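Novice:
2 protein chains.
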Amino acid sequence: MAARDYGQYGGVSSALELVGERWALLIIRDLLVGPRRYGELAGGLARIPSNILAARLKELQAGGVIRRVPHSRVIVYELTPYGRELEPVILALGAWGFKAMGEPREAQIITPDSMTMDLRTAFQPLVAASLPPTAYAARLGTVELFIRVEGSDLDVVRGGGPADLAFAAGADIRRLISGELTPDRAITTGVVQVLGGRNELLDRFATTFHLAA
Amino acid sequence: MAARDYGQYGGVSSALELVGERWALLIIRDLLVGPRRYGELAGGLARIPSNILAARLKELQAGGVIRRVPHSRVIVYELTPYGRELEPVILALGAWGFKAMGEPREAQIITPDSMTMDLRTAFQPLVAASLPPTAYAARLGTVELFIRVEGSDLDVVRGGGPADLAFAAGADIRRLISGELTPDRAITTGVVQVLGGRNELLDRFATTFHLAA
DNA sequence: CGGGATCCCGTCAGATACTG
DNA sequence: CAGTATCTGACGGGATCCCG
């Protein structure tokens, strides 16, 4: 049960002994969005074997990174305060990995939690601060997200709602966020379909969520 | 040879497919200090099997993270520009892991490169900017480092040199950096031995390198 | 001697089935 | 729904060997 050790005394090796095992940081990524049940984690991490998920949850719990909370009938996993301090790590890792993303491979899926964290990664609070509050309803593949930007605050939740701009796109929304595609070209090429609201608001979206490749 | 995939399309999973395998981030940590030869990496990562080191180097090269550079007779590995962009990730991970460090376990060693990166992690550029240039000669366990702070710049190299303060300590230098121990108590308890220079300069060291637990 | 490649073995991950 | 049990295959660990 004890995580495998690297035989070194240092910050990075200590961190990797706690969260360096396969799947661990993806579990933490999803828990950064909010507390999740076992089945929700398994659903978001489609290809994780259930025994591995169970093992990781125990290890992360033993390491003080997550907590197992019984809520009346159901059991929920959530990050401890110390686990929540991994947010800068996940955001930095996500920003770096974002630049390496190419076209989605066969059988690569988008999940609500991974998309939510990618949006948080690309979020530009300084840009957003000077823009009026805006709500977006985005359908990305099969994932529906309701995105509210207000000042330098960002809130992303699953589902829809009354939005200033509603749009649908696929995995290549990445090309809009990276700046590879202008908002205009994204619409004319069909990468983004505007379902409601003014087209110009996609400009605002693209400047609010931007991560150069 | 292709890295194992997570079946997800997202920034974090993409990153982990490139640098998420065991030992990979420790190799990158050491290469952030400077280009290294195969044997130097093997020396700094004492417990890595040579086949794993060889496999990781190939994978990281294929992923565009490192480069294999023949220098006349010898071969040197170095980070690509894209690989160097992992520095914020390593620093964030190191800062997080630093807080989880307890006493060194049996057979846990300190290496020059891991110590160098830990110092970079703990470095407070804003504090340093308002202090006069200072050079420290530190012997940490068997590791000798020459640390120069000038304005908000930090330079750490192996070996010694003419320093304003020379001191020796063990792994529990961590307790000074975390603030668990004041500089005064660190000296009186013998955690830090001042070998040359004025004792008061250890105050400056402790404020320049600080990471609360 | 530096820079690996090869071999064997143990452990972990992956897939599926099963249970309280 | 929240895991446990079991089996198989792949990867990591350790030692040894090889080649320029």
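Top line first, the protein sequences correspond to chains Y and B.
Residues 1 to 213 in full-length UniProt numbering are what the first sequence spells out, letter by letter.
Residues 1 to 213 in full-length UniProt numbering are what the second sequence spells out, letter by letter.
All residues carry an ideal CB built from backbone N, CA and C; glycine is no exception.
None of the values given here were measured: they were computed from a predicted structure.
1. Where do the N-terminal and C-terminal ends of the beta strand (DSSP E) with residue 73(Y) fall, by residue?
2. With 7 Å as the C-beta to C-beta threshold (strictly closer), list the residues of the region 116 to 145 of chain B near chain Y in chain order.
3. Skipping 5 residues on each side, what residues in its chain have a beta carbon closer than 6 Å to that of residue 112(B)?
4. Report all residues from its chain with a CB closer than 6 Å to the CB of residue 21(B); omit the five preceding and five following residues, and keep chain order.
5. If the criterion is Cβ atoms closer than 8 Å, does the pair residue 211(Y) and residue 95(Y) meet it?
6. Compute the beta-carbon to beta-carbon distance between residue 114(Y) and residue 37(Y), rounded to the nearest angstrom, for a pair I have assumed lies under 8 Å.
7. Whole angstroms is fine: what's the gap from residue 102(B)'s alpha carbon to residue 170(B)'s?
8. Report the residue from 202(Y), 76(Y) and 184(Y) whose alpha carbon sits nearest the alpha carbon of residue 136(Y).
9. Would you call the region 81 to 99 of chain Y and the region 4 to 13 of chain B in contact, with 3 or more CB pairs under 8 Å?
10. Just confirm the distance between the C-beta atoms of residue 119(B) and residue 156(B), as a whole number of angstroms; I'd bet it's less than 8 Å.
11. Short check: CB of residue 35(Y) to CB of residue 77(Y), under 8 Å?
12. Name the DSSP beta bridge partners of residue 8(B), please?
13. Within its chain, find whatever has a CB closer than 6 Å to the CB of residue 206(B); leave out the 5 residues flanking it on each side and keep chain order.
14. Considering only DSSP beta bridges, list what residue 193(B) is partnered with.
15. Between the Cα of residue 162(Y) and those of 208(Y), 147(Y), 58(Y) and 188(Y), spot the shortest distance and give me the residue it belongs to.
16. Among all the DSSP beta bridges, which residues are the ones paired with residue 82(B)?
17. What alpha helix (DSSP H) runs, 4 residues minimum, are completely inside the region 11 to 60 of chain B?
18. Taking C-alpha atoms, which residue in 189(B), 43(B), 56(B) and 47(B) lies nearest to residue 4(B)?
19. Mapping the DSSP letters down to three states, classify residue 182(B) as helix, strand or coil.
20. Is residue 9(B) close to chain Y? Criterion is C-beta to C-beta, closer than 8 Å.
21. Could you give the first and the last residue of the continuous alpha helix (DSSP H) run that contains residue 207(Y)?
22. If you count every other CB in all the chains shown that lies within 10 Å of the CB of residue 75(B), and 16 or more means buried, which is it?
23. If we ignore side chains and look at the alpha-carbon of each, how far apart do residue 123(Y) and residue 165(B) end up?
Specialist: By the coordinates alone:
1. Sequence index remark: in the first sequence, residue 73(Y) carries index 73 (1-based). Run containing residue 73(Y): none; DSSP gives neither H nor E here.
2. 117, 118 and 121
3. Position 112 of the second sequence, counted from the first residue, corresponds to residue 112(B). So the list reads 143 and 158, once near-sequence residues are dropped.
4. Within the second sequence, the letter at position 21 stands for residue 21(B). For residue 21(B), where only same-chain residues beyond five positions count, there are no Cβ hits under 6 Å.
5. Residue 211(Y) sits at position 211 when you count from the first residue of the first sequence. Residue 95(Y) sits at position 95 when you count from the first residue of the first sequence. In contact: residue 211(Y) and residue 95(Y) (Cβ atoms closer than 8 Å).
6. On the first sequence, position 114 is the one that residue 114(Y) refers to. On the first sequence, position 37 is the one that residue 37(Y) refers to. Actually they are not in contact, since the Cβ atoms of residue 114(Y) and residue 37(Y) sit about 17 Å apart, beyond 8 Å.
7. Residue 102(B) sits at position 102 when you count from the first residue of the second sequence. Residue 170(B) sits at position 170 when you count from the first residue of the second sequence. Distance between the alpha carbons of residue 102(B) and residue 170(B): 13 Å.
8. Here residue 136(Y) is taken as the residue at index 136 of the first sequence, counted from 1. For residue 136(Y), the nearest C-alpha among the options comes from 202(Y).
9. yes
10. Within the second sequence, numbered from 1, the residue matching residue 119(B) stands at position 119. Within the second sequence, numbered from 1, the residue matching residue 156(B) stands at position 156. Going by Cβ atoms, the distance from residue 119(B) to residue 156(B) rounds to 6 Å, so yes, they are a contact pair.
11. The count along the first sequence starts at 1 and reaches residue 35(Y) at position 35. The count along the first sequence starts at 1 and reaches residue 77(Y) at position 77. Yes. Within cutoff.
12. Here residue 8(B) refers to the residue found at position 8 of the second sequence. Bridge partners of residue 8(B): 109(Y).
13. For the purposes of this step, residue 206(B) is taken as the residue at position 206 of the second sequence. Only 176 and 183 meet the Cβ criterion.
14. As a first step, residue 193(B) must be located in the second sequence, where it is residue number 193. 168(B), per the DSSP bridge assignment.
15. The residue given as residue 162(Y) occupies position 162 in the first sequence. The shortest C-alpha separation from residue 162(Y) is found at 147(Y).
16. Translated into positions along the second sequence, residue 82(B) becomes position 82. None, per the DSSP bridge assignment.
17. 11 to 19, 24 to 33 and 38 to 44
18. The residue you call residue 4(B) lines up with position 4 of the second sequence. If we check each option's Cα against that of residue 4(B), 56(B) comes out closest.
19. For the purposes of this step, residue 182(B) is identified with residue 182 of the second sequence, where counting begins at 1. Looking at residue 182(B) - three-state DSSP - the assignment turns out to be coil, as it is neither helix nor strand.
20. On the second sequence, position 9 is the one that residue 9(B) refers to. So, interface residue.
21. For the purposes of this step, residue 207(Y) is identified with residue 207 of the first sequence, where counting begins at 1. 201 to 208 is the span of the alpha helix (DSSP H), which, as asked, contains residue 207(Y).
22. In the second sequence, counting from the first residue as 1, residue 75(B) sits at position 75. Exposed: under 16 other Cβ atoms inside 10 Å.
23. Within the first sequence, the letter at position 123 stands for residue 123(Y). Within the second sequence, the letter at position 165 stands for residue 165(B). Straight-line Cα distance between these residues: approximately 44 Å.
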